[in-house]
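Undergrad:
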Amino acid sequence: MRESHYRDALADQPLDVSFETRERLHDGFRPFEKITLTHRSIDGTRQIGPLSREFIATGSVAIVVPYDPKLDAIVVLRQFRIGAALKTPNAAAIELPAGLIDAGEAPDAAAARELLEETGLTALAVERCFTMLPSPGLTDEYALIFLAIVDASDLSDAAGLDDEHEDIRPILAPVSALVEAVDEGMIENGFVIACTHWFARVGRARAAGLQAAIALDEESAR
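With positions in the sequence shown counted from 1, the corresponding number in our numbering is that position plus 319.
(1) Can you tell me where the beta strand (DSSP E) with proline 489 in it begins and where it stops?
(2) Three-state secondary structure (DSSP) at leucine 419?
(3) Less than 7 Å separating the beta-carbons of isoleucine 375 and threonine 450?
(4) According to DSSP, histidine 358 sits in a beta bridge with which residue or residues?
(5) What separation, rounded to the nearest whole angstrom, lies between the Cα atoms of arginine 498 and alanine 410?
(6) Closest by CA to alanine 519, which one among Thr357, Ala496 and Pro333?
(7) Does the Cβ-Cβ distance between alanine 381 and leucine 440 come in under 7 Å?
(8) Note down the Cα distance separating alanine 428 from alanine 534, rounded to an integer number of angstroms.
(9) If we count Cβ pairs, one from each stretch, closer than 8 Å, do we get three or more for the stretch 463-480 versus the stretch 337-353?
(10) Based on Cα-Cα distance, which residue from Glu437, Phe465 and Val394 lies nearest to proline 426?
(11) So valine 395 packs on isoleucine 490, CB below 8 Å; how close in whole Å?
(12) May I ask you to verify whether the stretch 467-474 touches the stretch 364-379, counting CB pairs closer than 8 Å and requiring at least 3?
(13) If glutamate 437 sits next to isoleucine 487, beta carbons under 8 Å apart, how far is it from one beta carbon to the other, in whole angstroms?
(14) Per DSSP, what are the beta-bridge partners of alanine 467 in this structure?
(15) Sort Trp517, Glu485 and Thr340 by Cα distance to isoleucine 354 and report the nearest one.
(16) Can a CB atom of chain D be found closer than 7 Å to the CB of leucine 396?
(17) Using CA coordinates, which residue listed in Pro408, Arg523, Arg541 and Asp536 is at the minimum distance from proline 388?
(18) Going by the CB atoms, is the gap between proline 385 and alanine 467 shorter than 7 Å?
(19) With a threshold of 16 other CB atoms inside 10 Å of the CB of valine 511, please say whether the residue is buried or exposed.
(20) Should glutamate 414 go down as buried or exposed, given a rule of 16 or more other Cβ atoms within 10 Å for buried?
(21) Just to confirm my understanding: we take glutamine 530, look at its own chain, exclude 5 residues before and 5 after, and list those with CB closer than 7 Å. What are they?
(22) Among residues of its own chain, excluding the 5 on either side of glycine 418, which ones have a beta-carbon nearer than 8 Å to its beta-carbon?
(23) Which of the three DSSP states is assigned to glutamine 530 in this structure?
What follows is the structure, encoded as structure tokens:
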């Protein structure tokens, strides 16, 4: 039997990487950059490179799972997405509130800001739950996933910023219906799929903890 090695563990592992040069190739909706680097081989016996990689320089983003515990529902969005338009007939795609974390902005503040801009809802409580690298071979995008407790009883029919050409339709999705839609392949957005599976396993328990914190804060304020 082969001896187990730490690199066989089911966890991302460190690797010695040396970045040598980095240049901006294009400025646009997202910057496009090229980096030259060397790195150790996975078995640690040799150096690989120098090699060049081109990537979309996105940075950190906040993804929000807005949950209304009274309605047992998650607020999702429908809006136009270029990737969906290019690869599928369903350009009016389902997704979650999300956006870039501005320089110097606290991640939880970015999550609350994006939630308000894209749904009109205020986060009653927000908590960071996990992180994702959605496409690490293409972009440095680093996604911080937040659970937000909301009151969606008066959810708006439309949202978004006109100066950003946003045409957003918030949707109140019962958790069971969202899980079914994901399981049946009716939604293809990776963040929605990942967050729905996560919420189905542990989301309600995490939400209960946030609700308890809200109740404690309200009691302390009296």
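Idealized CB from N, CA, C, for every residue including glycine.
TA: Put simply:
(1) The sequence position of residue 489 within the sequence shown is 170, counting from 1. 488-493 is the extent of the beta strand (DSSP E) around proline 489.
(2) Stepping through the sequence shown from its first residue, residue 419 is reached at position 100. The answer is strand: DSSP assigns leucine 419 an E or B state.
(3) Position 56 of the sequence shown holds residue 375. Position 131 of the sequence shown holds residue 450. Taking 7 Å as the Cβ cut-off, isoleucine 375 and threonine 450 do not qualify as a contacting pair.
(4) Mapped onto the sequence shown, residue 358 falls at position 39. Partner(s): Val336 and Ile367.
(5) Position 179 of the sequence shown, counted from the first residue, corresponds to residue 498. Position 91 of the sequence shown, counted from the first residue, corresponds to residue 410. Here the sequence assigns valine to residue 498, which means arginine is not the residue at that position. Answer to the nearest angstrom: the Cα atoms are 21 Å apart.
(6) Locating residue 519 in the sequence shown gives position 200, counting from the first residue. Ranking the options by Cα distance to alanine 519, first place goes to Ala496.
(7) Against the sequence shown, residue 381 aligns to sequence position 62. Against the sequence shown, residue 440 aligns to sequence position 121. The answer is no: Cβ separation not under 7 Å.
(8) The residue you call residue 428 lines up with position 109 of the sequence shown. The residue you call residue 534 lines up with position 215 of the sequence shown. About 21 Å.
(9) no
(10) Looking up residue 426 in the sequence shown gives position 107. The residue with the shortest Cα to Cα distance from proline 426 is Phe465.
(11) As a working mapping, residue 395 is identified with position 76 in the sequence shown. As a working mapping, residue 490 is identified with position 171 in the sequence shown. Right, the Cβ-Cβ distance comes to about 5 Å (below 8 Å), so this counts as a contact.
(12) no
(13) Along the sequence shown, read from residue 1 onward, the residue named residue 437 stands at position 118. Along the sequence shown, read from residue 1 onward, the residue named residue 487 stands at position 168. The Cβ separation is near 6 Å, so the contact holds.
(14) Here residue 467 refers to the residue found at position 148 of the sequence shown. In the DSSP output, where bridge partners are listed per residue, alanine 467 has Pro385 and Val445.
(15) Within the sequence shown, the letter at position 35 stands for residue 354. The option with the nearest alpha carbon to isoleucine 354 is Thr340.
(16) The chain inventory of the structure shown lacks chain D, comprising one protein chain alone.
(17) Numbered from its first residue, the sequence shown carries residue 388 at position 69. Residue Arg523 is the option with its Cα nearest to proline 388.
(18) As a first step, residue 467 must be located in the sequence shown, where it is residue number 148. As a first step, residue 385 must be located in the sequence shown, where it is residue number 66. Contact: yes.
(19) Your numbering for residue 511 matches position 192 in the sequence shown. Buried: at least 16 other Cβ atoms inside 10 Å.
(20) Within the sequence shown, residue 414 is the residue found at index 95, counting from 1. When all chains shown are included, glutamate 414 counts as buried.
(21) Here residue 530 refers to the residue found at position 211 when the sequence shown is read from its first residue. Pro388 and Ile468.
(22) Mapped onto the sequence shown, residue 418 falls at position 99. Closer than 8 Å at Cβ, skipping near neighbours: Val380, Ala381, Ala429, Arg432, Glu433, Glu436 and Glu437.
(23) Numbered from 1 along the sequence shown, position 211 holds the residue referred to as residue 530. In the structure shown, glutamine 530 sits in a helix (DSSP, three-state: H, G or I).
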